[in-house]
Amino acid sequence: MEQQFAMTEGGLAELINSLEPLAQQTLEVARNHERRRFVELYRRQEAYTQQLLKRLEAGERQSLNAEQRDTLRRVLALRGQIQQQMAGWAEQLKHELQALRQSSKLNRQYKL
8 MEQQFAMTEG
18 GLAELINSLE
28 PLAQQTLEVA
38 RNHERRRFVE
48 LYRRQEAYTQ
58 QLLKRLEAGE
68 RQSLNAEQRD
78 TLRRVLALRG
88 QIQQQMAGWA
98 EQLKHELQAL
108 RQSSKLNRQY
118 KL
């Protein structure tokens, strides 16, 4: 079960402060192609992000100070890098599947 943060300004700050190191760690494991660990961290990051979005949409964004806003900008930048890494994985997988398909065609065509 994912951590739930208190519905207070302090809880919002704790949530924001938890997101940045989590996003950094998620990006690091993505770059290292640690897919199982990535899935675990990405799920946690998404759960925290959903909590954050609900709170911001509920009007808590006015209580954010400049430092918290800067942290959120960094988290969003990290999130973009994570998505780029995932897109790279998808492209790599696509090429691997194409190579397998071509290999399979060749095997069928030249089967002895």
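Each residue of the sequence shown is one higher than the one before, counting from 8 in our numbering. Ideal placement from N, C-alpha and C gives every residue a C-beta, glycine not left out.
Nearest to residue i by alpha carbon, out of the options?
| i | options | result |
| --- | --- | --- |
| Leu29 | Leu100, Ser111, Arg81 and Ser70 | Arg81 |
| Gln52 | Ile23, Arg68 and Asn114 | Ile23 |
| Phe45 | Leu26, Ile89, Glu103 and Gln99 | Ile89 |
| Leu26 | Gly18, Tyr55 and Arg43 | Tyr55 |
| Leu85 | Arg108, Tyr49 and Leu104 | Tyr49 |
| Arg42 | Leu100, Met14 and Gln116 | Leu100 |
Can you tell me the Cα-Cα spacing of residue i and residue j, whole angstroms?
| i | j | result |
| --- | --- | --- |
| Ala73 | Leu63 | 15 Å |
| Leu59 | Gln31 | 17 Å |
| Leu83 | Leu71 | 16 Å |
| Ala106 | Thr78 | 42 Å |
| Leu47 | Leu113 | Looking at the sequence itself, residue 47 is Glu, so the reference to Leu does not match. About 38 Å. |
| Ser110 | Thr33 | 34 Å |
| Leu104 | Gly18 | 45 Å |
| Ala65 | Met14 | 11 Å |
| Glu67 | Gly87 | 24 Å |
| Glu21 | Arg108 | 49 Å |
| Arg124 | Gln116 | This structure cannot settle anything about residue 124, because the visible part of the chain is limited to 8 through 119. |
| Gln69 | Gln57 | 18 Å |
| His102 | Lys118 | 24 Å |
Notebook entry, point to check: Touch check for the segment 20-39 and the segment 91-109: three-plus C-beta pairs under 8 Å?
Noted result: yes
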